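One structure is given here, and the rest of the page talks about it.
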Amino acid sequence: MLSKSINVALVDHHSLFRKTLSDFLSRQQQISVSFEAPNLDIFLEHIDHLLIDLLVCDLYIPNTDIAASLKIIKKKKPNLRILILYASTDIDKVEDLLKIGIHGFVSKVDDAERLIYAIEIVSSNNIYQTQFFTEALYKEREKLLNDETEQIKLNERDIKVLELLWDEKSNKEIADEIFLSVRSVEKIRQDIKDRIGAKSTIGIFKYALSKRILTI
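Quick note on the numbering used here: the sequence shown kicks off at 96 and runs consecutively.
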């Protein structure tokens with residue numbers, strides 16, 4: 096059950112699928128579908144006037160560079176959460192999306208309730224972890240392993256925070272476990288980002304996986 100209401104935008108070029116999904120989500124408590132469109136160009140035309148928390152977007156939109164479009168969207172709305180819907184497991188197509196800072200992938204063949212669960216996860220600004228998401232991170236890790244850049248040293252506390260983040264713990268849960276204030280945990284997370292040059296939690300995970308600080 097969502098702890099707060101969330102405004103969703105849907106982008107999918109299949110009209111019937113989009114309308115069906117919109118109707119399903121609109122019937123859920125605390126979810127409002129504020130906007131829907133067949134492509135990201137139309138979404139971008141309206142983005143400045145939309146009050147939305149989450150974008151649910153198809154991975155395959157004809158004549159669209161989805162990574163480039165989402166990059167523009169994240170610049171305009173850096174706090175917007177993004178869930179990607181996919182129909183086939185083409186890992187190579189999602190590499191650029193991981194760099195943007197999306198919050199997860201949901202298969203179109205999953206039960207509809209799985210999407211609701213994913214929305215619950217990302218509504219708290221957490222990552223929705225699935226096998227597909229983990230495999231995509233793993234593939235990116237293999238690339239990074241060939242990077243000869245010297246590893247930035249992380250202390251024991253930093254690593255513990257990373258492990259708890261990977262376990263989908265909130266800042267409050269992490270603070271309680273390592274006996275710090277929530278503000279201190281937030282500072283540690285930001286310090287790690289600054290030191291390794293990450294722009295998002297996904298960036299932290301990619302670095303930690305590439306250096307074997309975290310393991311799959």
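Cβ atoms here follow ideal geometry from the backbone N, Cα and C, with glycine treated the same way.
Just so we're clear, the structure is a prediction, and the values are computed from it rather than from any experiment.
Is residue i helix, strand or coil by DSSP?
i      : result
Leu304 : helix
Phe200 : strand
Ile147 : coil
Leu178 : strand
Gly292 : coil
Asp206 : coil
Glu263 : coil
Phe138 : helix
Asp242 : With a pLDDT of only 49 at Asp242, under the threshold of 50, the placement of this residue in the model should not be trusted; the figure read from the coordinates follows. Correct three-state label for Asp242: coil.
Phe112 : helix
Lys248 : coil
Lys312 : Since the first and last residues shown for the chain are 96 and 311, residue 312 lies out of range.
Determine whether the beta carbon atoms of residue i and residue j lie at a separation below 8 Å.
i      : j      : result
Leu150 : Val106 : yes
Asn134 : Ile156 : yes
Asn221 : Asp148 : no
Lys99  : Gln125 : yes
Glu140 : Ala104 : no
Leu260 : Thr296 : yes
Thr159 : Gly199 : no
Leu257 : Ile299 : yes
Ile214 : Lys172 : no
Tyr181 : Lys203 : yes
Ile179 : Leu192 : yes
Ile254 : Ile177 : no
Ile273 : Arg290 : no
State the beta-bridge partners of residue i as determined by DSSP.
i      : result
Ile101 : Ile126
Val106 : Ala132, Cys152
Tyr223 : Gly199
So, is residue i buried or exposed, given that buried needs 16 or more other C-beta atoms within 10 angstroms?
i      : result
Lys266 : First, the residue type needs correcting, since residue 266 is Asn and not Lys in the sequence shown. Buried, by the Cβ-count rule.
Ser310 : Checking the sequence shown, residue 310 turns out to be Thr, not Ser. Exposed: under 16 other Cβ atoms inside 10 Å.
Lys114 : exposed
Ala303 : buried
Arg284 : buried
Ser305 : buried
Asp271 : exposed
Ala207 : exposed
Lys248 : exposed
Val217 : buried
Val128 : buried
Leu111 : exposed
Tyr212 : exposed
Leu146 : exposed
Asp136 : exposed
Asp286 : exposed
Lys301 : buried
Asp262 : exposed
Taking only beta-carbon positions, decide if residue i is within less than 8 Å of chain C.
i      : result
Leu116 : The question asks about chain C, but that chain is absent: this structure has only one protein chain.
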